[in-house]
Amino acid sequence: MSYDSKSVTRAAWSPLHHRRFRALWIASVASNIGTWMHEVGAGWLMTTLTTSPFMVALMQTATSLPIFLLALPAGALADVVDRRKMLLFTQGWMLSAAALLGVLALLDFTTPWILLILTLVLGAGAAMNAPAWQATTPEIVPRTELPAAVALTGMGLNLARAVGPALGGAVVAAAGAGAVFLLNAVSFLSVMFVLYRWRRRAARNGPVPAEPVMSAIRAGIRYARHAPALLAVLVRTGLFVLFASALWALLPVLARYEMGLDSIGYGILFGCLGTGAVLGAMLLPQMRSRFSTDALVAGATVSFGAVIVAMAQVRHFGSLCVVMIAGGVAWIALMASFNVATQMAVPSWVRARALALYLLVFQGGMTAGSVLWGTVTEHAGVAAALWSAAGGLAIGLAAITRYPLKGDEELDLTPSTHWPEPIVVIEPHPDDGPVLVTMEYRIDPEQARDFTLAMKEVQQLRLRDGAFRWGLYRDSADPGRYVETFVVESWAEHLRQHERVTVSDRIAQDRAKVFHIGDAPPVISHYIYAQTPEMPNNSTASNERTL
Numbered sequence: 306m307s308y309d310s311k312s313v314t315r316a317a318w319s320p321l322h323h324r325r326f327r328a329l330w331i332a333s334v335a336s337n338i339g340t341w342m343h344e345v346g347a348g349w350l351m352t353t354l355t356t357s358p359f360m361v362a363l364m365q366t367a368t369s370l371p372i373f374l375l376a377l378p379a380g381a382l383a384d385v386v387d388r389r390k391m392l393l394f395t396q397g398w399m400l401s402a403a404a405l406l407g408v409l410a411l412l413d414f415t416t417p418w419i420l421l422i423l424t425l426v427l428g429a430g431a432a433m434n435a436p437a438w439q440a441t442t443p444e445i446v447p448r449t450e451l452p453a454a455v456a457l458t459g460m461g462l463n464l465a466r467a468v469g470p471a472l473g474g475a476v477v478a479a480a481g482a483g484a485v486f487l488l489n490a491v492s493f494l495s496v497m498f499v500l501y502r503w504r505r506r507a508a509r510n511g512p513v514p515a516e517p518v519m520s521a522i523r524a525g526i527r528y529a530r531h532a533p534a535l536l537a538v539l540v541r542t543g544l545f546v547l548f549a550s551a552l553w554a555l556l557p558v559l560a561r562y563e564m565g566l567d568s569i570g571y572g573i574l575f576g577c578l579g580t581g582a583v584l585g586a587m588l589l590p591q592m593r594s595r596f597s598t599d600a601l602v603a604g605a606t607v608s609f610g611a612v613i614v615a616m617a618q619v620r621h622f623g624s625l626c627v628v629m630i631a632g633g634v635a636w637i638a639l640m641a642s643f644n645v646a647t648q649m650a651v652p653s654w655v656r657a658r659a660l661a662l663y664l665l666v667f668q669g670g671m672t673a674g675s676v677l678w679g680t681v682t683e684h685a686g687v688a689a690a691l692w693s694a695a696g697g698l699a700i701g702l703a704a705i706t707r708y709p710l711k712g713d714e715e716l717d718l719t720p721s722t723h724w725p726e727p728i729v730v731i732e733p734h735p736d737d738g739p740v741l742v743t744m745e746y747r748i749d750p751e752q753a754r755d756f757t758l759a760m761k762e763v764q765q766l767r768l769r770d771g772a773f774r775w776g777l778y779r780d781s782a783d784p785g786r787y788v789e790t791f792v793v794e795s796w797a798e799h800l801r802q803h804e805r806v807t808v809s810d811r812i813a814q815d816r817a818k819v820f821h822i823g824d825a826p827p828v829i830s831h832y833i834y835a836q837t838p839e840m841p842n843n844s845t846a847s848n849e850r851t852l
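All residue numbers for the sequence shown refer to the working numbering, where the first residue is 306 and numbers rise by one.
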């Protein structure tokens, strides 16, 4: 197959042709450089304020803990409120925390606990920002360019990771940690300026009230449980990250204790990973055009496993630099593929919540993996830990058969809007419920088995989109009469089900409905819990129109 470097370059950079994405990308790179500068300054400042290893270690906890505590609420909020306004708020939150820390540091008022608390506050802002930020990408680039956009975002992160620490160290040496914190605060202004100028299309104002946050969180978790495409991404991400974390956890140990490198040598190795990620982002569109998502992920996993094996064996600095470049290529290919698969597995109404779950799985895998491989290294050495991690990556490839990743063309998540509005005599209150919905089918008894199999897919989408209970019943007195039932927590949640149905869902429903042989469409009835105080018992409504 011919290799056209010009087409590769055009495809890799095509999202930058969109003005809004280009502006946000440039602003985010500048802001991420400020964040990495801040990381260096905060770490250095803590070591000057205290000699306690415990306090120094708590800095990493203060950075990562907010992700575990706030990712799901952040994802729910990002799906419920205006994402642009939420991003402006979180960026302003982080600006304020960084600026306050900078002022306190310049005035020599910073104590270890003040530094730790403000680091936690800054981490909370980053955790609240992340799902909304990632969920905006499909709004500003076409679906076909989403993989390249995600790869460019990853490339920007790696560029910032390569440049930021070096700049941060230089500024700390020249002007102190307070100057770094203030520069980080200023870096948020560029993002806020771009967001302020973004005239995001307002969401459609329908009759259904916005979801409460706790209800939105439950809906997101329920969706993940009953959406095979999303569940596959989460499982595959967790399996990969648990073993791949060995590279990030053990690279400092390998550089310092196995190879005797100084901080400059370690920085060069780290920079080679970033260089590889940049190269991988440029090559990713071509790789995606040649291979399926599963084939690309499998190949990149094998490559990353080979990099970890090479880390266990190679001790020549130049050769290890080449290995790290290869590792960066494989890493960005995998991270971009998982991120894109997450976004393409879900419709827009739940996208931020899905990304929040992805972030939780990723961070959890990195944290658990770091502990695991650090423990193995203490007892068996670096080489044994790296070989074990590579073996785990190889074994994890078996998950492909059980959890395949969907291709871009396999799911049409465009809203279908084919469910008609329920016909009611008295309009229920949005909080009334639970709501029982029934559908009555007439089925040829000889096709009953095929019908029940087709209804399994319908069960999945009902539970995924809002129902907490589902059943299919056959009338013992009439073998051709089947009744489907599902229960939703409130009338508002059932109306949200109407808005959540996609084209792919409609196809699944049509596959089951084709077995219906009645002269009229399946009869649909809605029942509201009779003891709801706000609603009289005669509010039960029937609807003889089809879903």
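Note that beta-carbon positions come from the ideal geometry of N, C-alpha and C, so glycine has one too.
For residue j and residue i, believed in contact at Cβ under 8 Å, the rounded distance
| i | j | result |
| --- | --- | --- |
| THR606 | LEU552 | THR606 to LEU552, Cβ: 13 Å. No contact. |
| LEU392 | TRP438 | 6 Å |
| GLY346 | PHE493 | Going by Cβ atoms, the distance from GLY346 to PHE493 rounds to 15 Å, so no, they are not a contact pair. |
| VAL612 | SER642 | No, VAL612 and SER642 are not in contact; Cβ-Cβ is about 17 Å, not under 8 Å. |
| ALA383 | LEU664 | That pair is no contact at about 12 Å. |
| PRO827 | GLU732 | Going by Cβ atoms, the distance from PRO827 to GLU732 rounds to 24 Å, so no, they are not a contact pair. |
| VAL687 | LEU559 | 6 Å |
| ALA335 | MET587 | That pair is no contact at about 21 Å. |
Helix, strand or coil at residue i [DSSP, three-state]
| i | result |
| --- | --- |
| PRO867 | Residue 867 is absent from the model: the chain starts at 306 and stops at 852. |
| TYR834 | coil |
| ALA772 | strand |
| VAL792 | strand |
| TYR787 | strand |
| GLU745 | strand |
| PRO436 | helix |
| VAL730 | coil |
| THR706 | helix |
| PRO855 | The question about residue 855 has no answer, for the chain in this structure spans 306 to 852. |
| THR355 | coil |
| ASP736 | coil |
| ARG779 | strand |
| ALA763 | Sequence inspection shows Val at residue 763; the Ala mentioned does not correspond to that position. Three-state result, VAL763: helix. |
| ASP413 | coil |
| ARG850 | Residue placement at ARG850 cannot be trusted, given a pLDDT of 43 that sits under 50; the coordinates are not used to answer. |
| HIS684 | helix |
| HIS821 | strand |
heavy atom of the ligand PLP below 7 Å from residue i C-beta
| i | result |
| --- | --- |
| VAL485 | Absence of the ligand PLP from the depicted structure is noted, as is the absence of any ligand whatsoever, leaving it without description. |
Minimum Cβ-Cβ distance from residue i to chain D less than 8 Å
| i | result |
| --- | --- |
| LEU377 | Chain labels in this structure do not include chain D; a single protein chain is all it has. |
C-alpha gap between residue i and residue j, whole angstroms
| i | j | result |
| --- | --- | --- |
| VAL793 | ILE522 | 15 Å |
| ALA797 | ARG747 | 29 Å |
| ILE833 | ARG774 | 15 Å |
| ILE338 | ALA465 | 4 Å |
| LEU766 | LEU777 | 14 Å |
| ARG325 | PRO371 | 29 Å |
| VAL583 | HIS799 | 46 Å |
| GLY348 | VAL361 | 7 Å |
| ALA699 | GLY610 | 7 Å |
| PRO417 | ALA478 | 20 Å |
| THR682 | GLN668 | 21 Å |
| ALA659 | THR441 | 13 Å |
| LEU500 | ALA379 | 18 Å |
| ARG816 | GLY701 | 34 Å |
| ALA532 | LEU423 | 38 Å |
| VAL491 | ALA404 | 8 Å |
Best match in the options for proximity to residue i [C-alpha to C-alpha]
| i | options | result |
| --- | --- | --- |
| ILE912 | ALA367, ALA431, ALA456 and PRO470 | With the chain represented from 306 up to 852, any question about residue 912 goes unanswered, as that position is not in the structure. |
| TRP678 | ALA704, LEU423 and GLY697 | GLY697 |
| GLY633 | HIS803, THR580, ILE613 and SER653 | THR580 |
| LEU374 | ALA431, GLU804 and PHE548 | ALA431 |
| THR598 | ALA490, ALA699, LEU710 and VAL614 | LEU710 |
| MET671 | GLY397, PHE548, ALA534 and LEU329 | PHE548 |
| MET760 | SER675, HIS821 and LEU451 | HIS821 |
| PHE498 | ARG593, ASP387, TRP330 and GLY565 | TRP330 |
| THR395 | PHE414, ALA475, THR458 and GLY428 | GLY428 |
| HIS803 | ALA782, ASP824, ASP783 and PRO720 | PRO720 |
| GLN618 | ARG595, LEU556 and TYR571 | LEU556 |
| THR722 | GLY823, THR807 and LEU566 | THR807 |
| LEU411 | GLY483, THR355, LEU462 and ALA454 | GLY483 |
| VAL729 | PHE545, ILE829, ASN463 and PHE359 | ILE829 |
| ASP736 | LEU691, LEU535, VAL426 and ARG801 | ARG801 |
| CYS577 | SER357, VAL468 and ILE812 | VAL468 |
| ASP749 | VAL666, TYR787 and ARG541 | TYR787 |
*Counting only runs that start and end within the stretch 589-676, where is the alpha helix (DSSP H) found for 4 or more residues in a row?*
598-618 and 622-649
*What residue ranges within the stretch 513-588 form continuous alpha helix (DSSP H) runs of no fewer than 4 residues, ordered along the chain?*
518-531 and 533-558
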